[in-house]
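To start, the structure itself, in structure tokens.
Protein chains in written order, with this note's numbering: chain A, 10 to 258; chain B, 10 to 431.
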């Protein structure tokens, strides 16, 4: 399998921070992987994703996406990525249709292609009947589904999901996970997924990496990771590696 | 296409925010209507004062008639004539019913004629070599003035000087009449033409203005542009709030991960808010031209150059949106942006002459006022409304507004860069 994301000794230290948020992190994500990035609060997941998306530069090290870096080819790197933030990054007073049409245009899409794509995704995720309602009137699960569609409109090679199922009902969670699995299987879409739902991560991810204190603690294929640690689940592995101590700042 | 869709999105978001629309359009309209009406009397007192004046005329002769006529012609006083004692007159003035009271004692005209005659006789006798001393009464005639105790010294001096000037003219006329009579006595067969006693030197006064414009500033001409500018700059609050909301709800994060989209979204936002500020401006002009005259206010004279007027509005709109962008970039929460934005705009408005016009400010505040972008906009509007300025004359103010816009953008960019690299 070819490498889509290659992280080489990446560190990030914020000014005035006592320690690095990400510390000499190296890992690769292959094309077609569903890659789970797990870790306690403050482990450095958000910082890592922000650097991967090109929001701010690394202090040291390199991030290659399809062999390109944000430093030299930011536009091409961003074209490869689709992001689904943890927050509902939608305009509450616009309808789902209006939100997705706007975001589609911002990806450089347009015309009947975009309209069809928006309609198709809304239909797949069961929102066709409500697409002309304002987001403010949607339930949490409906908002999450629209939030997901917004990251998929330009058919990204790498979809970054930051806790995509937090606070949603079982039905919506099921619809989201099934749709993502289908995209991975049928379109070969690579997925980078972060979550605190470890059971969901175990079921969904082909590969998992656990980071803590900005450092990569372990990584590998999900099943191998469980067996090599003599555990029965990813949750056991996680607690074994990161401990049970609270991570309050 | 991206830009157009970004503007379309902002338009949709704005038009569905009823509270925001009310703040944007209804607030300045109400402010203009209320404050123009409230300040109308104050502006009139600056321009065309109508001072209530009481005349107690016990003379009822040439002097009192001439004095009253001159006072009426000055158009400075609202005159009431009554008969009352000195004490009663004083009480009326002290109560504030009248600003000024004038008492012309009995026989003042008669005594003036007698004194004038005596002085002329003395003068003519000295010409003919008559050394006989003609007795001249040196006692002065008194015309009593009472002023309201709250009257400012400068105003009191102005009024006293006006009275002295009028009375001097009357005295001169009386002297000339006496001279005329004496000459006729000396040359009974002569038929001289009457002596012209109208003033020879005329003091010509006018407001200094360009292009023969002679518009006097009034409440409408101050308040319409002033409060329109205030509303334009108040746009910084919804704009900053919009930026912070996008940052808080992850929209900015998503947009920043899209290739080259965030700058277009920001540009779309700014253009939308500039368009909103131009609509505000057009609406406020309509209030000044059509609505205020219906309420008995003077009609807003919008000068001769509509394109120049809208250029100033455009530059002001840019300055306001640039400031909003800066506030939205620096503030960490919506509350912070609202508070900081509102307080800062109010301070800029206060020192910029929006509430109290700069021409009535103390010298030190006049000097400080030039640092406010609202003052630059206001001065440019004054130039167009009151002095019929064109592009050349208002260019310095427009340039300052554009420089403020550029500085705000630069500040926002540098702060963003600093945060990104932090």
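From the three backbone atoms N, C-alpha and C, an ideal C-beta is built for every residue, glycine too.
Residue i versus residue j - alpha carbon distance
i              : j              : result
residue 3(B)   : residue 47(B)  : The question about residue 3(B) has no answer here: the residues shown for chain B are numbered 10 through 431.
residue 227(A) : residue 187(A) : 27 Å
residue 81(A)  : residue 123(A) : 29 Å
residue 285(B) : residue 96(A)  : 30 Å
residue 265(B) : residue 86(A)  : 12 Å
residue 330(B) : residue 290(B) : 14 Å
residue 221(B) : residue 309(B) : Because the pLDDT at residue 221(B) is just 48, under 50, the model does not fix this residue reliably, and the value given afterwards should be weighed accordingly. Distance between the alpha carbons of residue 221(B) and residue 309(B) is about 18 Å.
residue 151(B) : residue 124(B) : 13 Å
residue 223(B) : residue 292(B) : Confidence is the limiting factor: at residue 223(B) the pLDDT is only 46, short of 50, which leaves the residue's position unreliable, though a coordinate-based value still follows. Near 26 Å, if we compare the C-alpha coordinates of residue 292(B) and residue 223(B).
residue 222(A) : residue 59(A)  : 16 Å
residue 163(B) : residue 170(B) : 11 Å
residue 27(A)  : residue 296(B) : 59 Å
residue 102(B) : residue 117(B) : 23 Å
residue 117(A) : residue 45(A)  : 29 Å
residue 130(A) : residue 17(B)  : 23 Å
residue 293(A) : residue 65(A)  : Nothing can be reported for residue 293(A): it is not among the residues displayed for chain A, which extend from 10 to 258.
residue 161(B) : residue 61(B)  : 15 Å
residue 94(A)  : residue 262(B) : 8 Å
residue 213(B) : residue 133(B) : 36 Å
residue 364(B) : residue 97(B)  : 40 Å
residue 207(B) : residue 182(B) : 9 Å
residue 71(A)  : residue 62(A)  : 13 Å
residue 34(B)  : residue 374(B) : 30 Å
residue 22(B)  : residue 151(A) : 20 Å
residue 287(B) : residue 256(B) : 27 Å
residue 259(B) : residue 98(A)  : 5 Å
residue 157(B) : residue 105(B) : 6 Å
Neighbourhood of residue i by C-beta distance below 7 Å, restricted to the same chain and skipping five residues each side
i              : result
residue 407(B) : 320, 321, 324 and 389
residue 317(B) : 393, 399, 400 and 403
residue 188(B) : 129
residue 231(A) : 211, 214, 215, 216, 217 and 243
residue 245(B) : 329, 332, 333, 336, 350 and 354
First through last residue of the alpha helix (DSSP H) which encompasses residue i
i              : result
residue 28(A)  : It is not in any alpha helix (DSSP H) - residue 28(A) carries neither H nor E in the DSSP assignment.
residue 7(B)   : Chain B is shown only over 10 to 431; residue 7(B) falls outside these bounds and no answer can be derived.
residue 3(B)   : Because chain B here runs from 10 to 431, residue 3(B) falls outside it and cannot be looked at.
residue 91(A)  : Taken as a continuous stretch (DSSP letters only), residue 91(A) belongs to no alpha helix (DSSP H), being part of the beta strand (DSSP E) at 90–93.
residue 98(B)  : 95–104
residue 221(A) : Residue 221(A) -> not in any alpha helix (DSSP H); beta strand (DSSP E) instead, spanning 216–221.
residue 418(B) : 400–430
residue 155(B) : Run containing residue 155(B): none in the alpha helix (DSSP H); it sits in the beta strand (DSSP E), 153–156.
residue 264(B) : 260–265
residue 2(B)   : With chain B covering 10 to 431 only, the question about residue 2(B) has no answer from this structure.
residue 249(A) : 243–251
residue 148(B) : Residue 148(B) -> no alpha helix (DSSP H), and no H or E assigned at all.
residue 175(A) : Note, residue 175(A): premise wrong, no alpha helix (DSSP H); not H, not E.
Element boundaries [beta strand (DSSP E), containing residue i]
i              : result
residue 227(A) : 224–230
residue 90(B)  : 86–90
residue 60(B)  : 60–66
residue 309(B) : Residue 309(B) -> no beta strand (DSSP E), and no H or E assigned at all.
residue 110(B) : 109–113
residue 201(A) : 199–203
Chain-order list of residues whose beta-carbon lies under 6 Å from that of residue i (same chain, five-residue window excluded)
i              : result
residue 227(B) : 52 and 307
residue 101(A) : 144 and 145
residue 52(A)  : 220 and 221
residue 73(A)  : 15
Residue i: contacting residues in chain D (beta-carbon distance under 9 Å)
i              : result
residue 276(B) : The chain labelled as chain D is not found among the protein chains of the depicted structure, namely A and B.
Cutoff 8 Å; reference residue i; Cβ partners in own chain excluding five residues on either side
i              : result
residue 36(B)  : 240 and 243
residue 40(A)  : 10, 11, 12, 13, 166, 197 and 199
residue 110(A) : 123, 124 and 127
| task | Name, going along the chain, the residues of the segment 279–313 of chain B whose beta-carbon falls closer than 9 Å to a beta-carbon of chain A. | result | Listed by position along the chain: nothing, the set is empty.
| Between the segment 104–115 of chain A and chain B, which residues of the former have a C-beta closer than 7 Å to a C-beta of the latter? | Within the segment 104–115 of chain A, those residues whose Cβ lies closer than 7 Å to any Cβ of chain B are, in chain order, 107, 111, 114 and 115.
| task | Could you name the residues of the segment 121–155 of chain A whose beta carbon sits closer than 9 Å to any beta carbon of chain B, in the order they occur along the chain? | result | Of all residues in the segment 121–155 of chain A, 143 have a Cβ within less than 9 Å of some Cβ in chain B.
| field | Uninterrupted alpha helix (DSSP H) stretches inside the segment 147–171 of chain A (no shorter than 4 residues) | value | DSSP runs (the alpha helix (DSSP H)) wholly in the segment 147–171 of chain A: 149–161.
| Selection of the segment 392–416 of chain B by Cβ proximity to chain A, strictly under 8 Å | Taking 8 Å as the Cβ-Cβ cut-off against chain A, none of the residues of the segment 392–416 of chain B qualify.
| field | Interface positions of the segment 238–262 of chain B facing chain A (Cβ-Cβ less than 7 Å), listed along the chain | value | Answer set for the segment 238–262 of chain B: 258, 259, 260 and 262.
| request: Note down, one range per segment and in chain order, each alpha helix (DSSP H) of at least 4 residues found wholly within the segment 19–78 of chain A. | output: You should have 54–61.
| task | Give, in chain order, every unbroken run of the alpha helix (DSSP H) that is at least 4 residues long and sits entirely within the segment 326–394 of chain B. | result | As far as the segment 326–394 of chain B is concerned, its whole alpha helix (DSSP H) runs of at least 4 residues are 343–361 and 372–378.
| said: Counting only Cβ-Cβ distances shorter than 9 Å, please list the residues of the segment 62–77 of chain A near chain B, keeping chain order. | reply: Going along the segment 62–77 of chain A in chain order, one finds 62, 63, 64, 65 and 66 with a Cβ nearer than 9 Å to chain B.
| said: Against chain A, which members of the segment 19–30 of chain B pass a CB distance test of less than 8 Å? | reply: Residues passing the 8 Å Cβ filter: 21, 22, 25 and 26.
| Listed from N- to C-terminal order along the chain, which residues in the segment 78–95 of chain A have their beta-carbon within a distance smaller than 9 Å of any beta-carbon of chain B? | Answer set for the segment 78–95 of chain A: 83, 84, 85, 86, 87, 88, 90, 91, 92, 93, 94 and 95.
| Of the residues that make up the segment 193–214 of chain A, which ones have a beta carbon closer than 9 Å to any beta carbon in chain B? | Listed by position, the residues of the segment 193–214 of chain A near chain B (Cβ gap below 9 Å) amount to none.
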